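Position 212, counted from 1, in the sequence shown is what our numbering calls 1152; the numbers after and before it change by one each time, with no gaps. All residues carry an ideal CB built from backbone N, CA and C; glycine is no exception. Please read all numbers here as calculations on a predicted model, not as lab measurements. Below is one structure, written out as structure tokens; comments come after it.
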Amino acid sequence: MSPEIQPPSSFDDTSLDQAFGRVTAQAREEAAALTDPGSVEAFRLRWLGRKQGLLNDVSAWLKAAPPAAKKSFGERFKTLKDLVEGLLDQAAGSGHSDSALAAESIDITLPGSRRLTGAEHPITRTWNEIVSVFAALGYSVGVGPEVETDFYNFESMNFPPGHPARDTQDTLVIANQERRPLRDRLLLRTHTSPVQMRTMESQPPPIRIVIPGKVHRNEADDATHSSTFHQVEGLCVDTNITFSDLKGTLDHAMKALFGPSVKTRFFPSFFPFTEPSADVQISCIFCGGKGCRKCKHSGWIELLGCGMVDPAVFAFAAEKQPAYDSKRISGFAFGMGIERIAMMKYGVSDIGQFYSGDMRFLGQFA
Ligand code: PHE
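Structure below.
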């Protein structure tokens, strides 16, 4: 029995008052010190606990009471019990006391947890930049499938079956297609040129489109090559389109992408789908053309391929759209690697960084 619960010395009213008075004072004192929900619960168990509660001890005094005192004892006991319950109710509301509020409060001056701001991936950004340069010249955007037929990727682009030019753009082919004619067999496209043919088949000239997209080649990955990469190709077809138009368009585009002081020069090259074909070099953006390590001390950097659309390509388009008659129309096409341009613009020396998903790299573009 707790020391504070001293039974009455006898059961007359005075003794009962004294004994109950001590217990009441004790309960009030303890209740006044209650602050948090934990201590309130402890108080409840200590006083009203079903087996060990102090009020049980008090009610046990009754056993020793003579029958005549039972009534007045019962009244006092009820008063005490009501009081303890009242104190408990009050204290349970003490969630609102200053100390309880302080314990629960949130420091709104603490900085919140910051969410990372999203940003365009450098490839997406460069993709959009290139597209908008041509959009400003009146080009629209063409898209097409990444899994392409042999016909659109190769044959219609004037890579005949078995022609060695196909070796320059080896790729993955979809398995188990031996029963299909070669032209219908599926492969991962090696360039976005097939969309040139799809577009010509679906609409007569004039055409001005740019075709951004993902392409695949059998390529050993190294610091500057990736077997999956991105391209923007362009096609312009109309009457009287000349090589001068091609030069003027690409010279403008390179200045728009790399700054107005950039120069361009054109070298003879070969692509099956253009004739004549050219490689385009721009003056080195790192040294301004003086010669440095990046341009292998030549002052020039090779950046894209282009040429006048080969009549053989128009002949394939004319099967569906007779207006592609190379006697009456002409056109030029060009193609550039988005990674290569992004690497130059942002000074990235390892192409693998673009695909790494490394936030330390990507965060620089936020
Ligand atoms: N399709 C060519 C390639 O991927 C690029 C190109 C397009 C070259 C148009 C000339 C004209 O290599």
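According to the DSSP assignment, residue 1069 belongs to the alpha helix (DSSP H) that extends over 1062–1075.
Of the residues 1181, 1208 and 1062, the one whose Cα lies closest to the Cα of residue 1297 is 1062. Among the bridge pairs identified by DSSP, residue 1175 is matched with 1149 and 1273. Per DSSP, reduced to three states, the secondary structure at residue 1154 is strand.
Ligand 1 never approaches residue 1176 closely enough for any of its heavy atoms to be under 8 Å from the residue's Cβ. For the beta strand (DSSP E) assignment, the uninterrupted runs of no fewer than 3 residues enclosed by the stretch 1193–1278 are, from N- to C-terminal side, 1204–1211, 1214–1223, 1240–1249 and 1270–1277.
Counted as a single uninterrupted DSSP element, the stretch harbouring residue 1302 is not any beta strand (DSSP E) but the alpha helix (DSSP H) occupying residues 1299–1302. The alpha-carbon separation between residue 966 and residue 947 amounts to approximately 14 Å. In the DSSP assignment, residue 1087 falls within the beta strand (DSSP E) that extends over 1087–1089. The shortest CA-to-CA distance from residue 1016 to any of 1257, 959, 1183 and 981 is the one to 959. Closest in alpha carbon position to residue 1268, among 1286, 1179 and 1213, is 1179.
Look at the beta carbons and you see the stretch 1189–1196 not touching the stretch 1157–1169: under three pairs across the two are nearer than 8 Å. In the DSSP assignment, residue 994 falls within the unbroken alpha helix (DSSP H) covering 994–1000.
The alpha-carbon of residue 1292 is positioned some 11 Å away from that of residue 1168.
Pairing residue 1253 with residue 1128, the inter-Cα distance amounts to about 21 Å.
Taking 9 Å as the cut-off, the beta carbon of residue 1070 is found closer than this to the beta carbon of residue 1197. Taken from the Cβ of residue 1173, at least one heavy atom of ligand 1 lies inside 8 Å. In the structure shown, the three-state DSSP call for residue 1289 is coil. Rounded to the nearest whole angstrom, the C-alpha separation of residue 1029 and residue 961 is 21 Å.
Inclusion of residue 1124 and residue 1099 in the CB contact set at 9 Å is not warranted, their separation being larger than that value. At a cut-off of 4 residues, the continuous stretches assigned as alpha helix (DSSP H) that sit fully inside the stretch 966–1051 are 977–988, 994–1000, 1010–1032 and 1038–1044. With contacts defined as CB atoms closer than 9 Å, residue 1221 and residue 1233 fail to qualify as a contacting pair. If you ignore the 5 residues before and after residue 1229, its C-beta comes within less than 6 Å of the C-beta of 1223 and 1239, all in its own chain and listed in chain order.
Under the three-state reduction of DSSP, residue 956 is assigned to helix. Checking the 8 Å criterion, the Cβ of residue 1270 is out of range of every heavy atom belonging to ligand 1. Residue 1031 is classed as buried because its beta carbon has at least 16 other beta carbons within 10 Å across all chains shown.
The shortest CA-to-CA distance from residue 1141 to any of 997, 981 and 1264 is the one to 1264. Relative to ligand 1, the beta carbon of residue 1273 is positioned inside 8 Å of a heavy atom. Under the 10 Å beta carbon count, residue 995 is surrounded by 16 or more other beta carbons and is classified as buried. When beta bridges are read from the DSSP output, residue 1170 appears opposite 1154. In the structure shown, the three-state DSSP call for residue 1053 is coil.
Relative to ligand 1, residue 1213 has its C-beta within less than 8 Å of a heavy atom.
The count of Cβ pairs closer than 8 Å, one atom from the stretch 980–993 and one from the stretch 1037–1046, stays below three, leaving the stretches out of contact. Within a 10 Å sphere around the beta-carbon of residue 1108 sit fewer than 16 other beta-carbons, which makes this residue exposed.
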